[in-house]
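Contents: one structure, followed by commentary.
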Amino acid sequence: MMKRPSLFSLVLAMPLLVWQLAFFLFPLLFLIAISFWTVKMFQMQPDLSFANWQRILTRGVFWDAYLRTMILATSAAVLTSAIAFPASYAISFKLSERAKRWMIFVLIIPFFTSYLVRVYSWQVFLTDAGIINAALGHIGLGPYPMLNNTFGTLVGMVTLCLPLVILLQTFSLNFVNRDLIEAAHNLRCGRLRTVASVVVPSAKVGLVIAALFAFILSFGDFVSPLYLGGGNPPTLSIMITDITKSGQQWPRAAVVAIMMIATLMTVAFAAITYAYKERGK
Amino acid sequence: MTIHLARPTRRKLLTMTAGAALATPFLSIRAAAQTTNLSMLAWYGHAEPDIVGEFEEANNVKFTPKYYTGGDNMLGLIAQSPPGTYDVILSDGEYVQQLNAAGYIQELDAADYAFDDFFPEFQKFPGHWDGDKLYSVITRFGFLGVSYNTDEFSEKEASTYGVFADERATGKLGHFDWHLPNLGQMSLWNGNASPYDIDEAAWAAVQETTMGLRPQVGGFFDYGGTFSSLKSGQMTLFAGIGDWITGVLEKNGANVRSVIPEEGGLQWTESFSIGKGTKNYEMANKWIQYITSPEGQAKSADMAAYPALIPSEAGWKVLNETNPAEAKRQKMVMGEANVMDMIRDGRIQFRQLPVQQDLGTWNDFWSDYKAS
């Protein structure tokens, strides 16, 4: 029989509840409401019109941008997780406790500077006459287009997500039972197989959550697609700004935003369900 | 005594708090009497110290700017604010009529302003007047044409919109991300004398011309992105902008410039209005008088954020005396080929809202173009 929560625990939970109501649920309900409003002379007017939904959802441009954003965010999540894992593994399993603490501190440093500044600084490296192409030019290669395209966008997204993903993966790997690894080795399990069959399944929850964060951050990212991707072609976040810029169509932008939130909630729910699903069930 | 202040009794603390609370209104009243706070809704740069500093000091005024990007953004900000929020409003020419129609701006007294100092073309600027009633005073203008990297293209090569299709510009053509100037330029390229007043057949042709350029496009950029992509040389040609962007870069040593092509260029204008419901009408009026005075005009021409042409002939004279290099760079020198000749030769058309199509139609096409 489930124990009834005490008054004390309910009071402790109140700030979280109030916060979620004030800054998530109410704004979300308001967003849904204004998606049915209309705009006249640049002013929003309360209404119950389905015209905004019809207009957005029947346009091929929206679905193209939706698919593009999904592919970009998925690619960023997979790429970031793949790049992060060897680093996380090394930090968790190979470094001393002291070195581990230093590495975690180093991984937090990127958050001290603005993401926008970091993205702008990438332009210096990625332009046709930038540092990377100049270096490649010395060995007779390039210049390769790296800016204002999908490559540039992905570089920005990985920049955004990598430190966070490494941290989450590292924390997750720290909790892997070392006895299991030793047992695998005793049973003559090779290094790679130990990682694939013991370490990864043991740290599955953390690894999936880390990838999920990378997906969420990349899916809604506006800075990289604009400043490293050149807005060419646009993602959903760029589409929202385009819609609001012309004619102040906030209700139509709300439709795009709701579709994005619904997608993120679905993906998050699926990922968490998968993460906590026990093997064989 | 120190101990007494550091650890006051409860009674002493209450007395001090009450005293401070009672004194606050007097402090505020005194401060308010000293400085007038003038709110300004404008493009970036108009309320920065290089422009308003002297006026603030002379009149004991403090500007509070709210900057926007684009006329739609400006209208949206006003629409969502209570009347009287903005004392002075800077607007692009094509949006003044909408401001007036929505009742956001006040009628002005034409006698308050030095229109006699202005070139005749700007004394009764279209859209700023409703019959004999004045609603906005022009302060700056500029041309939009082909912006190019001088290392990659010569001025002669850039003197036609056809250069946008040049194979050297593949992946190097940038768009300022606003449909109005870009599609206006495409319309001029198609030979439409009134680029925004076109029938359905001409509009279809404009769309076809624009779509033909899509493989050339390297990106769609906002204000900051436009600067950085031109400066880095990543984009070597740019549509939808003019000297208001390249002038800043050129003055800082970048090899970029703008030219008005043979098919003609577009003209943007900026004008000041006074917001309806303002409590600072007199000071707002004084500001517009200042910025449209010859001295204010000369200052405005060389604004740090972005330079512009000025409509005041008297302002040209002051600029030539105080900053002859900038006057020459912007071709605002009397007695030699200057920007007024371009207007008088019919090479420049006003940027305006589409006449025969809905604004949303143009915007939808722009979205399709970007996504294609």
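Protein chains in written order, with my numbering: chain A, 1 to 281; chain B, 1001 to 1372. Note that beta-carbon positions come from the ideal geometry of N, C-alpha and C, so glycine has one too.
- In its chain, beyond the 5 residues on either side, 130 and 131 have a beta carbon closer than 7 Å to the beta carbon of residue 124 of chain A.
- Under the criterion of beta carbons closer than 8 Å, residue 1135 of chain B and residue 1096 of chain B qualify as touching, at roughly 6 Å.
- Residues of the same chain with a CB within less than 7 Å of the CB of residue 79 of chain A, apart from the 5 flanking positions on each side, are 154 and 158 in chain order.
- The Cβ-Cβ distance between residue 1362 of chain B and residue 1175 of chain B does not fall below 8 Å.
- Our two residues, residue 1064 of chain B and residue 1039 of chain B, have alpha carbons roughly 5 Å apart in a direct line.
- Between residue 254 of chain A and residue 31 of chain A the beta-carbon gap is near 5 Å, inside 8 Å, which marks them as a contact.
- When Cβ pairs closer than 8 Å are counted between the two stretches, the stretch 1344-1360 of chain B is seen to touch the stretch 1187-1206 of chain B, the count reaching three or more.
- Closest in C-alpha terms to residue 1068 of chain B, from the list B:1332, B:1045 and B:1152, comes B:1045.
- In the DSSP assignment, residue 108 of chain A falls within the unbroken alpha helix (DSSP H) covering 97-108.
- DSSP places residue 1276 of chain B in the coil class of the three-state scheme, outside both helix and strand.
- Spanning the alpha carbons of residue 1105 of chain B and residue 1076 of chain B requires a straight line of approximately 14 Å.
- Cβ contact annotation for residue 5 of chain A (same chain, cutoff 6 Å, sequence separation greater than five): none.
- With respect to chain B, the C-beta atom of residue 179 of chain A has no partner C-beta closer than 8 Å.
- Between residue 1230 of chain B and residue 1249 of chain B, the C-beta spacing is below 8 Å.
- With contacts defined as CB atoms closer than 8 Å, residue 1311 of chain B and residue 1119 of chain B qualify as a contacting pair.
- If you ignore the 5 residues before and after residue 209 of chain A, its C-beta comes within less than 7 Å of the C-beta of 168 and 275, all in its own chain and listed in chain order.
- Taken in chain order, the complete beta strand (DSSP E) segments of 3 residues or longer contained in the stretch 1107-1175 of chain B are 1137-1144 and 1146-1149.
- Residue 126 of chain A sits close to residue 152 of chain A, with the two beta carbons spaced by under 8 Å.
- Nearest CB-CB separation between residue 227 of chain A and chain B: below the 8 Å threshold.
- The Cβ atoms of residue 1137 of chain B and residue 1292 of chain B lie closer than 8 Å to each other.
- According to the DSSP assignment, residue 1089 of chain B belongs to the beta strand (DSSP E) that extends over 1088-1092.
- Look at residue 1178 of chain B here: in three-state DSSP terms it is coil, with no helix or strand label.
- Between residue 1168 of chain B and the set B:1177, B:1234 and B:1182, the nearest pair of CA atoms involves B:1234.
- From the listed residues B:1079, B:1062 and B:1117, the smallest Cα separation to residue 1295 of chain B is found for B:1117.
- The beta carbon of residue 1187 of chain B sits no closer than 8 Å to any beta carbon of chain A.
- DSSP places residue 1198 of chain B in the coil class of the three-state scheme, outside both helix and strand.
- With a beta-carbon spacing of about 7 Å, residue 1239 of chain B and residue 1173 of chain B fall inside the 8 Å limit used to define contacts.
- Residues of chain B whose Cβ lies closer than 9 Å to the Cβ of residue 221 of chain A do not exist, since the nearest Cβ in that chain is about 15 Å away.
- Within chain B, the residues whose beta carbon sits less than 8 Å from that of residue 128 of chain A are 1233 and 1234, listed in sequence order.
- A Cβ of chain B is located within less than 8 Å of the beta carbon of residue 231 of chain A.
- In this structure residue 166 of chain A is in contact with residue 87 of chain A, their Cβ atoms being roughly 5 Å apart against a cut-off of 8 Å.
- A distance below 6 Å between beta-carbons, with the five flanking residues on each side excluded, links residue 1115 of chain B to the following residues of its chain, in chain order: 1123.
- For a Cβ distance threshold of 9 Å, residue set 1364, 1367, 1368, 1370, 1371 and 1372 of chain B lies close to residue 61 of chain A, ordered along the chain.
- Under DSSP, residue 1044 of chain B shares a beta bridge with no residue.
- For residue 38 of chain A, the uninterrupted beta strand (DSSP E) run begins and ends at 38-40, by DSSP.
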